[in-house]
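**Student:** Numbered continuously in UniProt numbering, the sequence shown closes out at residue 255.
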Amino acid sequence: MATNENLPPNVIKQLARELKNLDETPPEGIKVVVNDDNFSVIYADVEGPAGTPYENGVFRMKLTLSHDFPQSPPKGYFLTKIFHPNIATNGGICVNALKKDWNPSLGLRHVLIVIRCLLIEPFPESALNEQAGKMLLENYEEYARHARLYTGIHALKPKPKFKTGAISESTTALNVELKNDSTKSVDQKNAVSGAIAQQPSPLAPKLENGQDLPAALTSSTETVVPGAQKKEVGMAKVTTDKKKTDARKKSLKRL
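(1) Would a C-beta distance cut-off of 8 Å place Gln-71 and Pro-104 closer than the cut-off?
(2) Would you give the residue range spanned by the beta strand (DSSP E) that Asp-45 belongs to?
(3) Contact defined as beta carbons within less than 8 Å: I believe Ile-113 pairs with Val-95. What is the distance between those atoms, to the nearest angstrom?
(4) Could you pull out every residue in the same chain whose Cβ sits closer than 8 Å to the Cβ of Leu-19, ignoring the five residues on either side in sequence?
(5) Runs of 4 residues minimum, wholly inside the UniProt domain "UBC core" (10-156): which ones carry the alpha helix (DSSP H) assignment?
(6) Let's test the definition: count the other Cβ atoms within 10 Å of the Cβ of Tyr-54 and tell me whether it reaches 16, buried, or not, exposed.
(7) Would you mind stating whether Phe-78 and Gly-57 have Cβ atoms separated by less than 8 Å?
(8) May I have the straight-line CA-CA distance separating Ala-16 from Asn-139, to the nearest angstrom?
(9) Look at the Cβ atom of Phe-83, then the Cβ atom of Ala-147, and state whether they are nearer than 8 Å.
(10) Short check: CB of Phe-123 to CB of Pro-85, under 8 Å?
(11) Less than 7 Å separating the Cβ of Leu-118 from some heavy atom of the ligand MN?
(12) Measure the alpha-carbon distance for Thr-80 versus Glu-125 and round it to whole angstroms.
(13) Can you name, in chain order, every residue of its own chain whose Cβ lies under 7 Å from the Cβ of Gln-136, other than the five neighbours on each side?
(14) Could you have a look at Leu-7 and say whether DSSP puts it in helix, strand or coil?
(15) Would you kindly check if the distance between the Cβ of Gly-48 and the Cβ of Phe-59 is under 8 Å?
(16) Would you call Asn-129 buried or exposed, if buried means 16 or more other Cβ atoms sit within 10 Å of its Cβ?
(17) Hey, how far is the Cα of Ala-155 from the Cα of Leu-119?
(18) Could you tell me how far apart the beta carbons of Met-61 and Ala-44 are, in whole angstroms, since I believe they sit closer than 8 Å?
(19) By how many angstroms is the C-alpha of Thr-64 removed from the C-alpha of Gly-76?
(20) Here's a check: name, in chain order, each residue in its chain whose Cβ is nearer than 6 Å to the Cβ of Gly-133, leaving out the five neighbours to either side.
(21) In chain order, what residues of the same chain lie with their CB nearer than 7 Å to the CB of Asn-10, ignoring the 5 residues before and after it?
(22) Buried or exposed for Lys-163, going by 16 or more other Cβ atoms inside 10 Å?
Laid out in structure tokens, this is it:
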């Protein structure tokens, strides 16, 4: 519980409930930074609305509560430098919600939303920064250029950091693994192809010694199929018998 003696206990309890609600369900583009030890100073980070010169910027602001809050409005300040007609060079904020339009029933949520809307629609007629107000009325493009310049220098939102080294290592490991898998696949295909090539076909003719016919034909140029060899021997025998018969006939004729 806060120990700030400037605020009554009932106001501190009310603020505690409201700050808890802001933390659990923050308004769009606003994040409240809660200090449990001092509720009289409230900080908030306001994101620059899209489509404005403050886009992609984050602006730190604070609300200071007086001892008679909520009867008196809080005072608002931008701690981040910003080029805006209704925000002074020292960060003071000029908005009706913190002045003549203040009502004790208004909560901090309403105040924060109104301040962010001020970045969307400035009011140059009630300017605290006369240069920005005059520039907005006379040359919007020049005003927007100045506002974007301030945003880029003082309020640029930090980009998320990535561990590129870890990503590179993971990518390298993945590539190596894919390469190994690819090599394995090729090796497996070659092994399977070799096994299929070495395996004899069940339809291939075999010789009497069990050797495959193609292997027998390629192992030696002098190899002859046994069946053909038997045929040759038979023909030679017939030729010999015929010669013997002819010789006998000649002998008989001589007698």
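Each residue gets a CB set at the ideal place from its N, CA and C atoms; glycine is no exception.
**Tutor:** Quick answer:
(1) Translated into the one-based positions of the sequence shown, residue 71 becomes position 71. Translated into the one-based positions of the sequence shown, residue 104 becomes position 104. Cβ distance < 8 Å, so Gln-71 and Pro-104 count as in contact.
(2) Within the sequence shown, numbered from 1, the residue matching residue 45 stands at position 45. Residues 41-47.
(3) Position 113 of the sequence shown, counting from 1, holds the residue named residue 113. Position 95 of the sequence shown, counting from 1, holds the residue named residue 95. That belief does not hold up - the Cβ atoms of Ile-113 and Val-95 are roughly 11 Å apart, past 8 Å.
(4) Here residue 19 is taken as the residue at index 19 of the sequence shown, counted from 1. These residues qualify, in order along the chain: Val-32, Val-34, Phe-39, Ile-42, Leu-108.
(5) List check, alpha helix (DSSP H) in window: 108-120, 130-138, 140-154.
(6) In the sequence shown, the residue the question calls residue 54 occupies position 54. It is buried - the Cβ of Tyr-54 has at least 16 other Cβ atoms within 10 Å.
(7) Locating residue 78 in the sequence shown gives position 78, where the first residue counts as 1. Locating residue 57 in the sequence shown gives position 57, where the first residue counts as 1. No, these two residues do not count as a Cβ contact at 8 Å.
(8) Walking along the sequence shown from the start, residue 16 turns up at place 16. Walking along the sequence shown from the start, residue 139 turns up at place 139. C-alpha separation (whole angstroms): 45 Å.
(9) Counting from 1 along the sequence shown, the entry for residue 83 is found at position 83. Counting from 1 along the sequence shown, the entry for residue 147 is found at position 147. Yes, the Cβ-Cβ distance between Phe-83 and Ala-147 is below 8 Å.
(10) What you label residue 123 is simply residue 123 of the sequence shown in a count that begins at 1. What you label residue 85 is simply residue 85 of the sequence shown in a count that begins at 1. Yes, they are a contact pair.
(11) Of ligands this structure carries none, so the ligand MN is not represented either.
(12) For the purposes of this step, residue 80 is taken as the residue at position 80 of the sequence shown. For the purposes of this step, residue 125 is taken as the residue at position 125 of the sequence shown. Thr-80 and Glu-125: Cα-Cα distance of roughly 23 Å.
(13) On the sequence shown, position 136 is the one that residue 136 refers to. According to the sequence shown, residue 136 is Leu rather than Gln. Contacts found: Pro-85, Pro-122, Pro-124, Tyr-143.
(14) Numbered from 1 along the sequence shown, position 7 holds the residue referred to as residue 7. Note: Leu-7 maps to coil in three-state DSSP.
(15) Here the question's residue 59 lines up with position 59 in the sequence shown. Here the question's residue 48 lines up with position 48 in the sequence shown. Going by C-beta atoms, Phe-59 is nearer than 8 Å to Gly-48.
(16) Residue mapping note: residue 129 aligns to position 129 of the sequence shown, counting from 1. Classification of Asn-129: buried, given that the 10 Å Cβ count is 16 or more.
(17) Your numbering for residue 155 matches position 155 in the sequence shown. Your numbering for residue 119 matches position 119 in the sequence shown. For Ala-155 and Leu-119, the distance between alpha carbons rounds to 14 Å.
(18) Against the sequence shown, residue 61 aligns to sequence position 61. Against the sequence shown, residue 44 aligns to sequence position 44. Rounded, the Cβ-Cβ distance is 6 Å, consistent with contact.
(19) Reading the sequence shown from its first residue, position 76 is the one you call residue 76. Reading the sequence shown from its first residue, position 64 is the one you call residue 64. Each residue's Cα considered, the two are about 7 Å apart.
(20) Residue mapping note: residue 133 aligns to position 133 of the sequence shown, counting from 1. Excluding sequence neighbours, Gly-133 sits near Pro-85, Pro-124, Ala-127.
(21) Start at 1 with the first residue of the sequence shown, and residue 10 comes out as number 10. None.
(22) Locating residue 163 in the sequence shown gives position 163, where the first residue counts as 1. Bear in mind that the predicted position of Lys-163 carries a pLDDT of just 47, short of 50, making it unreliable; the figure below should be weighed with that in mind. It counts as exposed.
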